[in-house]
Amino acid sequence: MVTTETTAAQEVASKAGQATFFQRWWRGLLIVGTLSTAVVVLLTLVWFQPPFYADRVSEKDAAKRRELSRRFLSSGSRLFSDIQNSRVWSADFTEEQINAWLAEDFESNLAAYTLPSGVSKPRVAIQGDQIQVGFRYQRGPLATIVHFSARAWVPQRNVLALELSGAKAGALPLPASHTRQVVETIALTNGVEVTWKRNGRRLVALFRFPRNPEHVVLLKLQIEGNQVALEGTSGRGDFQSTDYAPTAN
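Following full-length UniProt numbering, the numbering of the sequence shown begins with 1 at its first residue and continues without gaps.
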């Protein structure tokens with residue numbers, strides 16, 4: 001025979017069990033909600049496109065892009081001719097020409113052979129004496145825009161120095177080790193030796209171009225205004241750098 005006290009105790013136990021169930025349910029819901037929010041925030045940061053890259057990758061005027069790419073190739077052809085036939089040579093390439101060439105001829109003819117797996121659609125923006133570089137990087141189902149700033153100079157014959165700063169994947173800062181790996185992979189894919197030094201806290205990549213029988217020497221690379229300027233010689237000669245030498249790594 002069930003007593004009144006037994007029934008009351010069962011009701012209390014039942015209510016306590018229900019309360020515990022709802023507490024666990026709410027805790028689980030809060031955990032799922034927190035994790036979902038964190039994932040959304042992380043993906044938003046990873047998928048972020050820096051304005052300079054978004055503007056330059058979305059050029060819709062195909063005719064204009066092809067014409068600018070043609071001008072880039074024309075300037076490159078003249079540069080090659082000058083290197084073959086003149087002791088002193090120089091060339092200027094505008095930001096618009098570089099990006100048009102990257103979107104047209106480079107994309108169609110060279111990207112598959114010169115870019116490592118997962119890297120595509122490189123673009124540049126010139127700001128002051130620095131150049132911003134961005135490219136799409138995909139690994140499995142996840143894709144992001146890797147971008148960084150670089151200052152360039154020629155510290156010695158046929159050595160190009162790039163001082164890298166502000167490397168990010170989307171809006172997330174990238175560790176220096178990852179930046180080094182990406183840059184080294186691109187350099188090795190194109191047969192260029194790269195070593196590293198530091199200028200304070202910033203990494204400096206030193207690209208050493210191979211010796212050539214024509215004694216082609218890169219003397220100067222200058223980023224200014226809206227263009228990249230190159231100067232060099234096609235003969236033997238002494239070269240003294242006027243730029244600073246980064247400290248050893």
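Where is the CB? At the ideal position from N, CA and C, for every residue including glycine. Note that this is a predicted model, so its numbers are computed, not measured.
Would you mind working out which of Q138, I131, P51, F52 sits nearest G225, comparing C-alpha positions? I131
Inter-residue CB distance, A63 and S75 (contact presumed, cutoff 8 Å): Rounded, the Cβ-Cβ distance is 19 Å, inconsistent with contact.
CB contact flag (R157, V217, <8 Å): yes
Taking the alpha-carbon positions, what's the I145 to V183 distance? Near 15 Å, if we compare the C-alpha coordinates of V183 and I145.
Whole angstroms is fine: what's the gap from T233's alpha carbon to V154's? 13 Å
C-alpha gap between G128 and L162, whole angstroms: 15 Å
Just checking my contact of G118 with Q138 at CB under 8 Å: how many whole Å lie between their CB atoms? 5 Å
Cut-off 7 Å between Cβ atoms - residues of its own chain near R66, not counting five sequence neighbours on either side: Correct list, in chain order: E104.
Reference V133; option with closest CA among H147, A143, V159: H147
Start and end residues, beta strand (DSSP E) containing R139: 130 to 139
Relative to the C-alpha of R211, which residue among V228, G191, H178 is closest? G191
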